[in-house]
Structure formats: structure tokens, C-alpha cells
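Here's the structure we're looking at; comments come further down.
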Amino acid sequence: MAFFEWSDELSIGVESIDSQHKRLVTIVNEYYEAVQSGCSEQAVRDAVGKLINYAGTHFADEEKLMQDKKYPQIDLHKQMHKRLTEDVIRYAEKLGKGKKIFSLDIAIFLKGWLENHIAQTDKKIGIFLSDKK
Ligand SMILES: [Fe+2]
Ligand SMILES: [Fe+2]
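In our numbering, the protein residues as written are 109 to 241.
As C-alpha cells, this is what we get:
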């Protein structure tokens, strides 16, 4: 069983966004595997780098969708993306400096953040879009 299992409850009903979320889940699992299997620090750093990159792409696409559809809660939503990005970048910097940090805690944090954000915050975009139809 994967560390982070995708479930249909996480679907927001927008196919392009759902598939990006699934990819994020996969990347969090890769990060977890790298930490768990005692991979080199470099492998852990690479996995975090991949997450930062892909999250950046996903957040930008999601924000563009909100903008295009004139989603009313866009500002608060963007704040949440920004905050998470800053947190993960700060973590990556610490990794780079060889500081002792708890990489497994980060995996648990990321899983929790994503599950919560998708189920609570992203889902509202899906509801907004289906109400507009
Ligand atoms: Fe989001
Ligand atoms: Fe999202």
C-alpha cells in the first residue's frame, strides 16, 4: 500500500486538476520512498526539488483557472499556495545546509496538507464551477 493513496473523495470534478493532483500524490510518495529507503541526501533533495517544481506548475494552472472563471475566493486560495511553497522551499534550504531535520515528518506534513487542501479548498472550485453550469 502506498504511503499516500489517492481516493475518489479527493476528486474535485475537474479532470485536468484531478490528474495534476494525482501526479502530486505520486511525487509525495516518491519523496516518502526516498526518505524511507535510506536513500542518499541527494536523492531526498532531488525528490523535494521535483515536488517544488511540480507544485509550482500545478498552483499556477489552478490559479489561472480560478482567474479565468472569476472564482471569488481566489486571493485566499493563492495565499495558501504561497505559504506552502515558502514552507517547502525553506525546508529544502535546510536540507541543503545539512541541518538535521526530520524528513519523515515532512512527508507526513505534505500528505496532510495536500489531503486537506484538496478536500477542503480545491473542492470549492469544483463546486463553484458546477453551480455555474
Ligand atoms: Fe489549491
Ligand atoms: Fe490543487
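Where a beta carbon is used, it is the ideal one built from N, C-alpha and C, also for glycine.
If you draw a straight line from the alpha carbon of residue i to that of residue j, how long is it in whole angstroms?
i: K232; j: K205; result: 38 Å
i: Y139; j: R153; result: 9 Å
i: T193; j: I160; result: 7 Å
i: K158; j: E171; result: 20 Å
i: A215; j: A155; result: 11 Å
i: K241; j: F112; result: 33 Å
i: G128; j: D230; result: The sequence given here places Gln at residue 128; Gly does not occur at that position. C-alpha separation (whole angstroms): 12 Å.
Comparing the CB of residue i with every heavy atom of ligand 1, is any distance shorter than 6 Å?
i: E123; result: no
Is it true that the CB of residue j sits closer than 7 Å to the CB of residue i?
i: D167; j: H185; result: Reading off the sequence shown, one finds Phe at residue 167, where the question assumed Asp. Not closer than 7 Å, so no.
i: V143; j: L203; result: no
i: F74; j: Y179; result: Residue 74 lies beyond the residue range present for the chain, which begins at 109 and ends at 241; the question has no answer from this structure.
i: N137; j: A163; result: no
Please confirm whether any heavy atom of ligand 2 lies closer than 6 Å to the CB of residue i.
i: E170; result: yes
i: D230; result: yes
Would you call the stretch 218 to 236 and the stretch 115 to 129 touching, i.e. three or more CB-CB distances under 8 Å?
By the Cβ test, the stretch 218 to 236 is in contact with the stretch 115 to 129, since at least three Cβ pairs between them sit closer than 8 Å.
Assess, as a yes-or-no matter, whether the stretch 132 to 139 is touched by the stretch 207 to 221 under the definition of 3 or more beta carbon pairs within less than 8 Å.
Because the criterion of three Cβ pairs below 8 Å is met, the stretch 207 to 221 and the stretch 132 to 139 touch.
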